[in-house]
Amino acid sequence: MTNTRYKRKFWLFVAVRTAANALIIGGIIFAFISFWPFISQEVKYWWDNFRGQEYVLAGESVQTDKKGFADLLPAPPPITVVPASTEAGIIIEKIDVNSPFVPDVDSSNYKEYIAALGKGVAHAKGTAYPGSKNAANNNVFLFAHSAINPIQAKKYNSVFYLLRKIEVGDRIVTFYKGKRYDYIVYDKRVVEATDTKYITSISKEPILTLQTCDPPGSSLRRLIVTAKLADESK
489 MTNTRYKRKF WLFVAVRTAA NALIIGGIIF AFISFWPFIS QEVKYWWDNF RGQEYVLAGE
549 SVQTDKKGFA DLLPAPPPIT VVPASTEAGI IIEKIDVNSP FVPDVDSSNY KEYIAALGKG
609 VAHAKGTAYP GSKNAANNNV FLFAHSAINP IQAKKYNSVF YLLRKIEVGD RIVTFYKGKR
669 YDYIVYDKRV VEATDTKYIT SISKEPILTL QTCDPPGSSL RRLIVTAKLA DESK
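Numbering follows the numbering used here, with no gaps: position 210 of the sequence shown is 698.
Dropping the structure here:
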């Protein structure tokens, strides 16, 4: 009887331990698969920097006037990807952003901006359009998700997941109505979620403001990246 009881306990222990190990391993595999889109972005970014890849966008041909004389302004450097949209789009090669943006999205209307973010980046209604220099407000405001939840990431376009990698001096390329406008980053900061002055502030200077959630996948704070229209875009 004692021997039989011992065997039962032994096999029960084996069964429980096997089930526990299976759950742990299964959880690890599920987490890895679920977060692979974000892990792959981080790994690619790290690898490109490790092997010295530079995101230099240089060499685009200079436009000429009717007489054939070259424009005195420097030419914007070329991009190495085909724009997702030249009607309304944004490209940041450093972090693999190549997305259309939806113009005139009401940022106070949840259903409207969630629908827009499912298509890409949203342009805040009432703010300027890329290339604006002489309007009453020349602040172009674009915002997008940085979701880390794999279900949400699939449903909503998380193109700004790596926006935190952007640094001062980086170039952001925008397109609007078939024309290209480049902006150079001059500021990056994390602010409270309730701080709305970056979308409501009027700017005489031609600037581009990008916003996403920080940390990625949360709604605790907002990451704000601000860039100024490049000289060659004037």
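Backbone N, C-alpha and C fix where the C-beta goes; we use that ideal spot for every residue, glycine too.
Arg-709 is the residue among Leu-717, Val-504 and Arg-709 whose C-alpha sits nearest the C-alpha of Ser-634.
Between Asp-658 and Thr-714 a beta carbon distance of about 12 Å is seen, past the 8 Å cut, so the two are scored as non-contacting.
Ala-503 sits in a helix when the DSSP states are folded into three classes.
Under the three-state reduction of DSSP output, Leu-605 falls in the helix class. It is roughly 6 Å from the alpha-carbon of Leu-650 to the alpha-carbon of Ile-583. Taking the C-beta atoms as reference points, Ala-610 is found nearer than 7 Å to Val-593. Scanning its chain for C-beta atoms nearer than 7 Å, with the 5 sequence neighbours on each side dropped, one finds around Gly-619 the residues Tyr-664, Lys-667, Tyr-669 and Ser-721, in chain order. Considered as a whole, the stretch 645 to 691 harbours 659 to 664 and 667 to 680 as its complete beta strand (DSSP E) runs of no fewer than 3 residues, in chain order.
Counting C-beta pairs closer than 8 Å gives three or more between the stretch 686 to 696 and the stretch 624 to 633, which meets the contact rule. Counting other Cβ atoms within 10 Å of its Cβ, Asp-683 stays below 16 and is therefore classed as exposed.
Remark: C-beta atoms of Tyr-686 and Thr-697 approach each other more closely than 7 Å. Taking the C-beta atoms as reference points, Thr-662 is found no nearer than 7 Å to Ile-567. Each residue's CA atom was taken as its position, placing Leu-630 and Glu-581 some 17 Å apart. Taking the Cα positions, Ser-646 is about 16 Å away from Ile-654.
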